[in-house]
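Beneath this line is the structure, given in structure tokens, with notes to follow.
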Ligand code: JJW
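Residue numbers (our numbering): 1320 to 1770.
Spelled out as structure tokens, the structure:
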């Protein structure tokens, strides 16, 4: 194992999301999404940036797939924009919108790159927000119908599906903290949303298994950090447990065990009254075990108890490790601990790392190249952590670097660059960074011990 070789069929890939790269905001009949509305509301996004053009991937996907092939990616994780398929959220399919994803999938397969599709990566049709968005129970059925249409259209060629990307972020950054679309600040609403997302995930899993093409795999992607108490004090240990319950277990346990964690149910009931969990909801949730869990890991969280803030949770910024341009501590051991947690506490489910990567202040040399050795170091250490976890028995099957391209980083606009490929937002020119070349050598060698 000293050569850091990965299992023979290990899936090496890169990830993106529709709103962050596609642009073509009003093209071919696409409807408005909540992120179109949010970005066009002054003050919500840094520099008032929008995804109107983004990387223009909608028009340049062939060039982007050629770059993926050049790197040697085995898989590509992308998301489907619901408002391209249903501009009104439901009703009649917009064929031109669907055609884009047909072309994208065909082009990937022609280049022998496996497509992994996320159904919901945050761009809800705005018309559905007008009736409450994810706070409205009806949205569960609209999502299931949309999922069904996508399975029917693409399921013959797409064999890996992700229902939701980061439901915690959808519910709590969107409806409690208001930092993301739809920009709502209301904890009871966010809790209701989180339950509807768990239900929608289960409904889509069941729809997939009942559908025509059910020979693939379907799972959910969660944003996961590893949580450590700041001290061994009872209060800090309890705060860390609350934070883990709030951020992770509230989504993990419904998906894997079909139940909500009792401590969090009690906390939510105590602080926010009874949420609307219908009698049969847990039957639906427990009927839909996913084939895999997708993990988006960027950093660990060190937690202490706090006088104020959500559930009296406080964050500590430890010293000693470097931080990325997002202000996130670089902690590869946290990835190892996270993976081992799935083995030890959750029956060793199949895992994909569906996102891992880092934003840095990349400097463009006069010849256009980007010598992002900090990103290479970040990825290398995290690949090694993943390798150690596999060696120690974790069922990790693949790894998708966030991101293929520099792109629209939500509330941060275009200020944060995560890409393996640099994008000049004035010319839209793509330039693979040193990290892209290095990642290509990792994939070719199936080992992270390469120069
Ligand atoms: C959590 C901050 C307090 C994206 C978070 C903020 C406050 C409890 C990158 N992942 O662009 C997570 N990203 O679209 C999806 N990952 O809470 C893809 N995680 O917490 C990437 C931000 C994030 C976050 C952002």
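Glycine included, every Cβ here is placed at the ideal spot set by N, Cα and C.
As computed with DSSP, residue 1334 is found in a beta bridge with 1396 and 1721. Beyond the five residues adjoining it in sequence on each side, residue 1497 comes within less than 7 angstroms, by CB distance, of 1503 and 1504 in the same chain, given in chain order. As computed with DSSP, residue 1634 is found in a beta bridge with 1622.
Apart from sequence neighbours up to five positions away, the residues of its chain that approach residue 1372 with a beta-carbon distance below 6 angstroms are 1342, ordered along the chain.
Around the beta carbon of residue 1444, 16 or more other beta carbons lie within 10 angstroms, which makes this residue buried.
For residue 1597, the three-state secondary structure derived from DSSP is coil.
In the DSSP assignment, residue 1613 falls within the unbroken beta strand (DSSP E) covering 1611-1615. Here residue 1442 is buried. Its C-beta has 16 or more other C-beta atoms within 10 Å. For the ligand JJW, no non-hydrogen atom lies closer than 7 angstroms to the CB of residue 1510. Membership of residue 1561 in the alpha helix (DSSP H) is indicated by the continuous run 1553-1563. Along the length of the segment 1645-1698, whole beta strand (DSSP E) runs at least 3 residues long occupy 1670-1675, reported in chain order. In this structure, the alpha-carbon of residue 1623 lies about 12 angstroms from that of residue 1563. The continuous alpha helix (DSSP H) containing residue 1386 extends over residues 1376-1390.
Contact annotation: the segment 1406-1424 touches the segment 1467-1485, with at least three C-beta pairs closer than 8 angstroms. The segment 1471-1547 is shown to contain whole beta strand (DSSP E) runs of 3 or more residues at 1479-1484 and 1536-1542, in chain order. About 6 angstroms separates the CB atoms of residue 1595 and residue 1511; that is less than 8 angstroms, so the two are in contact. Non-local beta-carbon contacts of residue 1730 in its own chain, meaning distances under 6 angstroms to residues more than five positions away in sequence, involve 1364 and 1498 in chain order.
One alpha carbon belongs to residue 1630, the other to residue 1561, and they sit about 7 angstroms apart.
Rounded to whole angstroms, the separation of the alpha carbons of residue 1518 and residue 1606 is 10 angstroms. In this structure, residue 1674 has its beta carbon less than 7 angstroms from a heavy atom of the ligand JJW. In this structure, residue 1632 sits away from residue 1640, with a CB-CB distance that is not shorter than 8 angstroms. The way I'd put it, the segment 1457-1465 doesn't touch the segment 1419-1429; fewer than three beta-carbon pairs between them come closer than 8 angstroms. If you compare the alpha carbons of 1449, 1500, 1426 and 1440 with that of residue 1477, the shortest gap goes to 1426.
Fewer than three beta-carbon pairs drawn from the segment 1353-1370 and the segment 1716-1725 are found closer than 8 angstroms, and the two stretches are therefore not classed as touching. With fewer than 16 other Cβ atoms inside 10 Å of its own Cβ, residue 1428 counts as exposed. Under the three-state reduction of DSSP output, residue 1568 falls in the helix class. Comparing alpha-carbon positions, the option among 1467, 1568, 1542 and 1571 lying closest to residue 1532 turns out to be 1467.
In this structure, residue 1440 has its CB closer than 7 angstroms to one or more heavy atoms of the ligand JJW. The way I'd put it, the segment 1657-1675 does touch the segment 1596-1615; three or more beta-carbon pairs between them come closer than 8 angstroms. If you draw a straight line from the Cα of residue 1520 to the Cα of residue 1572, it is about 13 angstroms long. Annotated three-state conformation of residue 1361 is coil, per DSSP. Contact between residue 1386 and residue 1637 does not hold, since the beta-carbon distance rounds to 37 angstroms and is not under 8 angstroms. In the structure shown, residue 1716 falls within a strand segment according to DSSP collapsed to helix, strand and coil.
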